[in-house]
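Have a look at the structure below, then the notes.
2 protein chains.
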Amino acid sequence: MTHHGLMIDDIDRRIIRLLREDGRRTVSDIAIEVGLTVAPVKRRIDRLESSGVITGYTAQIDMTKMDSALEAVVELRVAGNLDLEMILAVAEDVPEITEVLALAGDPDAIARIQAENIHDLQRVVNLLRTNGRVTGTKTLVVLDSWSRYG
Amino acid sequence: MTHHGLMIDDIDRRIIRLLREDGRRTVSDIAIEVGLTVAPVKRRIDRLESSGVITGYTAQIDMTKMDSALEAVVELRVAGNLDLEMILAVAEDVPEITEVLALAGDPDAIARIQAENIHDLQRVVNLLRTNGRVTGTKTLVVLDSWSRYG
DNA sequence: GCTGAAATGCTTGGACG
DNA sequence: CGTCCAAGCATTTCAGC
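Chains A and B supply the protein sequences, listed in that same order.
As numbered in my numbering, residues 93 to 242 make up the first sequence, in order.
As numbered in my numbering, residues 93 to 242 make up the second sequence, in order.
Structure representation (structure tokens):
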């Protein structure tokens, strides 16, 4: 059996690491770092993007620095097999839900919520609970957070 | 009591949303979107960065598209009061740990791990368990994931 | 796969109303 | 907040090895 994914070499890995550390690094800066010229680095980044390894770029936000911002993690338990689509059917339309993970174990999934206040949070949790196959939730308010690439 | 944080108005919020959707958007593009010129938008972004609302920019990576990549969530239970620094003392030196959340409730914290394989995962979980005040862990392998800004 | 060069456009800083 | 200007870079594309 051969690789089904893309071939990723060490230079690709270094490019990925550099772009994780700073998603706004310029191509020419990266080129210097990895010891190539701009053109091949640009081609590699384009390939990583179009093949879905790099799915996008985003600004990292410290919600605690904003007025009345609240982050929470909601553990979800689901009847029967979990397919992520079921949760996403709700999540995509609720802007407060920023991320969903389907898990092997208990809980079956985790949703992350960024709400303006506790009432917003309650509303979003209720939306998740309303989903027919969600049998239970546990909401955990985030007190502090750290991210490697933040 | 007055606001301790920065004053963030609606335009700031739109800028943040645009940069979350695409962290590489140009200032001039954002200026068009929010109906201002480049100079004030640049000033706002600089202010959001230096005040710590925007903590950085990063590329979003789909680990499943790379060879042998595995993501997991580890729930942590801790003796006594949790201060995040305690966990971070371990996490910062372990590149597989990408994020740590301190929570109000049970579990006391969550760590996210990106490992090459199951042995890497085991090693990292053991590093966390070795911390004197971690009394228990539960490891959940991520089967599928979705992120709004990804 | 790579280098190198040219045209275009963006960014950054400053001065000013 | 806006405009304008100017210098410096980055991006992008197109050649060629």
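Using N, Cα and C, we set each Cβ at its ideal position, and we do this for glycine too.
All of these numbers come straight from a predicted model, not from anything done at the bench.
Assign residue i to buried or exposed, taking buried as 16 or more other Cβ atoms, counted over all protein chains shown, within 10 Å of its Cβ.
i	result
residue 199 of chain B	buried
residue 184 of chain A	exposed
residue 144 of chain A	exposed
residue 64 of chain B	Residue coverage of chain B in this structure runs from 93 to 242, which leaves residue 64 of chain B outside it and unanswerable.
residue 197 of chain B	exposed
If the cut is a Cβ gap below 8 Å, which residues of chain B does residue i touch?
i	result
residue 150 of chain A	111, 112, 113, 114, 115, 149, 150, 152, 241 and 242
residue 227 of chain A	Within chain B, no residue comes near residue 227 of chain A; the closest Cβ sits about 17 Å away, beyond 8 Å.
residue 144 of chain A	154 and 157
Looking at residue i and the ligand ATP, is the gap between the Cβ and the nearest heavy atom below 7 Å?
i	result
residue 112 of chain B	As for the ligand ATP, it is missing from this structure, which has no ligand bound.
So who's on the other strand from residue i, going by DSSP bridges?
i	result
residue 239 of chain A	B:191
residue 123 of chain B	The partner list for residue 123 of chain B (beta bridge, DSSP) is empty, contrary to what the question assumes.
residue 107 of chain A	DSSP, once it has assigned bridges, lists no residue as partnering residue 107 of chain A.
residue 228 of chain B	B:169
residue 205 of chain B	B:164 and B:189
residue 152 of chain A	B:148
residue 90 of chain B	The structure shown does not extend to residue 90 of chain B, since chain B spans only 93 to 242, so no value can be given for it.
Which same chain residues end up closer than 8 Å to residue i when comparing Cβ atoms and leaving out the 5 residues on each side of it in sequence?
i	result
residue 128 of chain B	103
residue 230 of chain A	166, 167 and 199
residue 241 of chain B	112, 113 and 152
residue 126 of chain B	103, 106, 107, 110 and 133
residue 58 of chain B	Since the first residue of chain B shown is 93 and the last is 242, residue 58 of chain B is not available in this structure.
residue 192 of chain A	176, 179, 180, 183, 201, 202, 203 and 204
residue 235 of chain B	none
Here's a check: name, in chain order, each residue in its chain whose Cβ is nearer than 7 Å to the Cβ of residue i, leaving out the five neighbours to either side.
i	result
residue 195 of chain A	201 and 202
residue 123 of chain A	129, 130 and 133
residue 182 of chain A	219, 220 and 223
residue 216 of chain A	186, 188, 189, 205 and 207
For residue i, which residues in chain A fall below 7 Å Cβ to Cβ?
i	result
residue 165 of chain B	193, 195 and 202
residue 124 of chain B	Under the 7 Å cutoff, chain A gives no residues; its nearest Cβ is about 18 Å from residue 124 of chain B.
In its own chain, which residues sit with a C-beta less than 6 Å from the C-beta of residue i, not counting the 5 before and 5 after it?
i	result
residue 108 of chain B	none
residue 146 of chain A	140
residue 119 of chain B	130, 133 and 134
residue 176 of chain B	194
For a contact defined as C-beta to C-beta under 9 Å, what are the partners of residue i on chain B?
i	result
residue 180 of chain A	238
residue 233 of chain A	195, 196 and 197
residue 183 of chain A	238 and 240
residue 103 of chain A	Under the 9 Å cutoff, chain B gives no residues; its nearest Cβ is about 14 Å from residue 103 of chain A.
residue 210 of chain A	Those within 9 Å of residue 210 of chain A in chain B number zero; the least Cβ separation is about 12 Å.
Quick one: list the residues of chain A neighbouring residue i, beta-carbon separation under 9 Å, in chain order.
i	result
residue 75 of chain B	Residue 75 of chain B is absent from the structure shown; chain B starts at 93 and stops at 242.
residue 176 of chain B	235, 236, 237 and 238
residue 108 of chain B	151, 153 and 158
residue 213 of chain B	Within 9 Å Cβ-Cβ: nothing; residue 213 of chain B doesn't reach chain A, min ~12 Å.
Name the chain A residues that come within less than 8 Å of residue i, Cβ to Cβ?
i	result
residue 86 of chain B	Chain B is shown from 93 up to 242; residue 86 of chain B falls before or after that span and cannot be answered.
residue 190 of chain B	239, 240 and 241
**Prompt:** Is there contact here, the region 147-155 of chain B with the region 108-119 of chain A, by at least three beta-carbon pairs under 8 Å?
**Reply:** yes
**Inter-stretch contact (C-beta, 8 Å, three-pair minimum) for the region 136-144 of chain A and the region 173-187 of chain A** = no
**Item:** Cβ contact check for the region 163-171 of chain A and the region 202-222 of chain A: 3 or more pairs under 8 Å
**Value:** yes
**the region 166-178 of chain B contacting the region 213-227 of chain B, beta-carbon criterion three pairs below 8 Å** = yes
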